[in-house]
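Residue numbers (numbering that gives the first Met the number 0), protein chains in the order written: chain A, 0 to 249; chain B, 0 to 186.
All residues carry an ideal CB built from backbone N, CA and C; glycine is no exception.
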Amino acid sequence: MAQARSRERSLLRKALSPSCACATPLELGGLADGSLAQPAATRLSDHVSGCARCQTELTLLKEFENAAPGPDEEGAVSWISARLERRFSEASAGPSPSRTDRGAALPRRSWFTALNVGGFALAAATLSAAVTIGLREGRAPELAQPSATASAVLRSAGITPLSPAGDLDAQPNELRWAPRTDAASYSVQVMEADFAELWNAETRDASIALPPALRARIVPGKPILWEVVAKDAAGRAVAWSGKQRFRLRK
Amino acid sequence: MSNHLAAGGSGASIWLQELFRRHYTKVVTWCLRVAGDREEAYDLAQGVFVKAQRHLGAFRGDSKVSTWLYSITRSECLNYLKSRCLLDDALDDDVAEALPDDPESRPEHVFELHSSVLAARALLDRELTDTEKRVFILHYGDDVPLLTITRLLGLENPSGAKAYLVSARRKLARVLSRWRASERLIA
Chain A
0 MAQARSRERS
10 LLRKALSPSC
20 ACATPLELGG
30 LADGSLAQPA
40 ATRLSDHVSG
50 CARCQTELTL
60 LKEFENAAPG
70 PDEEGAVSWI
80 SARLERRFSE
90 ASAGPSPSRT
100 DRGAALPRRS
110 WFTALNVGGF
120 ALAAATLSAA
130 VTIGLREGRA
140 PELAQPSATA
150 SAVLRSAGIT
160 PLSPAGDLDA
170 QPNELRWAPR
180 TDAASYSVQV
190 MEADFAELWN
200 AETRDASIAL
210 PPALRARIVP
220 GKPILWEVVA
230 KDAAGRAVAW
240 SGKQRFRLRK
Chain B
0 MSNHLAAGGS
10 GASIWLQELF
20 RRHYTKVVTW
30 CLRVAGDREE
40 AYDLAQGVFV
50 KAQRHLGAFR
60 GDSKVSTWLY
70 SITRSECLNY
80 LKSRCLLDDA
90 LDDDVAEALP
100 DDPESRPEHV
110 FELHSSVLAA
120 RALLDRELTD
130 TEKRVFILHY
140 GDDVPLLTIT
150 RLLGLENPSG
160 AKAYLVSARR
170 KLARVLSRWR
180 ASERLIA
């Protein structure tokens, strides 16, 4: 009986596992928020519409994006969050290996011991150190400088961004893109890596100066995204640059 | 020219702190739904953030941070479920009891009797409702326990994912019976 069940499980796992055509969670996210570039977006959209596996993953991703504790979960989520925050504070203050915030009960898995970090180093406190370590170990990928030719081919009906892009040695003073004859104005948006807006502006030119307050937030190692939308005289969007990325080298 | 500067602090560390705090609740809530126990969920959430910390250098900004965190959370949660061997939960026995004692109701027959995985998947797609498909795929494809599926998909019916799995297997058994009957007629 146990053998039959194991065989059944094995067969089903194989049959229901993602195929090589299935989208990764990151691709599904890009598809859902419209940030996935063409032609991958069209190819994946066609696949996802007929793939129960990808639709299931997409459902889970949406549930995650909207995850908020229900009434019966609020207590536990607060309890966990408070402990994570405490570990975060401990990590900020320095290691204290003898302490455990779970009282006498030892954690079943000591994640941070495994990393040789004394306290809980949740994201926040040690992330800046993590970036440093990541760069030292060569894990941070260089941001590719976009090819103007490739950009022109891929965005023949869009806007060709000129600068800034990729890893920079100096802080940029402005954003520049190739002008379009059908554009009466341009909307510019600068964002953090999670698309949270830092700044937006309107201009009639094919470049715009970055204000000092924004430049102060462009710090080494922090990826910054920007995009431009061209508008006609009636204010209708006529072309889009896609999201451009740059980062100031540390 | 008009412009607007969004509120916020400055400096990479502040940015990184803020980035994770924005997505803190969803990671913790998700881990709680997977583990079903606050202490297990606490360990699981730590694991997610440590992994995120380790791989932060590889984050290129191509996707939203929340999507990137989801991919890490998903991977950690599946590993957790495998390590805890939660597959053979009691609800599986309940499902078996709710079904006829007929080998054709066993889901592997769908795949054994079809010439290809694609054909079998098409059958699932055609016969099952969206929720039945999701429950079926998560349970049999990813070994996610039924109680966990109930929580992750926010199913609010009294027996949660179990009802959808029983319904899916009944439908598939009926399809297989019809298919076999037609095969006999042809023979």
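For the stretch 39-66 of chain A, the set of residues with a beta-carbon nearer than 9 Å to any beta-carbon of chain B comprises Gly49, Cys50, Ala51, Arg52, Gln54, Thr55, Glu56, Thr58, Leu59, Leu60, Glu62, Phe63, Glu64, Asn65 and Ala66, in chain order.
Between Leu80 (chain B) and chain A, the shortest Cβ-Cβ separation is not below 7 Å.
Pro222 (chain A) places its beta carbon less than 7 Å from that of Arg246 (chain A). The same chain holds no residue with a CB closer than 8 Å to that of Arg20 (chain B) once the five nearest residues on each side in sequence are set aside. In this structure, the alpha-carbon of Glu56 (chain A) lies about 31 Å from that of Gly220 (chain A).
For Ala169 (chain A), none of the residues of chain B pass the 7 Å Cβ criterion, the least Cβ distance being about 17 Å. By the neighbour-count criterion, in which 16 or more other beta carbons inside 10 Å mark a residue as buried, Ala233 (chain A) falls on the exposed side. For the stretch 29-43 of chain B, the set of positions with a beta-carbon nearer than 9 Å to some beta-carbon of chain A reads Trp29, Cys30, Leu31, Arg32, Asp36, Arg37, Glu38, Glu39, Ala40, Tyr41, Asp42 and Leu43 in chain order. Rounded to the nearest angstrom, the Cβ distance from Glu201 (chain A) to Ser184 (chain A) is 6 Å, consistent with a contact under 8 Å. Under the 8 Å Cβ criterion, the stretch 39-55 of chain A counts as touching the stretch 122-132 of chain B, having at least three qualifying pairs.
Nearest to Ala177 (chain A) by C-alpha distance, out of A:Cys21, A:Pro70, A:Glu226 and A:Gln170, is A:Glu226.
The continuous beta strand (DSSP E) containing Asn199 (chain A) extends over residues Glu196 to Thr202.
In this structure, DSSP gives Arg37 (chain B) a helical state, which the three-state scheme calls helix. Taking a Cβ-Cβ threshold of 7 Å, none of the residues of chain A is close to Arg168 (chain B); the smallest such distance is about 12 Å. Put simply, the stretch 157-176 of chain B touches the stretch 135-148 of chain B. At least three CB pairs are less than 8 Å apart.
CA-to-CA, the gap between Glu191 (chain A) and Arg244 (chain A) works out to about 10 Å. In this structure Lys25 (chain B) is in contact with Ala66 (chain A), their Cβ atoms being roughly 4 Å apart against a cut-off of 8 Å. Interface criterion met: the Cβ of Gly140 (chain B) is under 7 Å from a Cβ in chain A. In the three-state reduction of the DSSP assignment, Arg246 (chain A) falls in the strand class. Against chain A, the beta carbon of Leu175 (chain B) has no neighbour under 7 Å; the closest one sits roughly 14 Å away. Going by DSSP, Ala238 (chain A) is part of the beta strand (DSSP E) stretching over Ala236 to Trp239.
Here Thr180 (chain A) is exposed: its Cβ has fewer than 16 other Cβ atoms, across all protein chains shown, within 10 Å. Contact of Ile79 (chain A) with chain B by beta-carbon distance below 8 Å involves Val27, Cys30, Leu31, Arg37, Ala40, Tyr41 and Ala44. For Pro68 (chain A), the nearest CB of chain B lies under 7 Å from its own CB, placing it at the interface with that chain.
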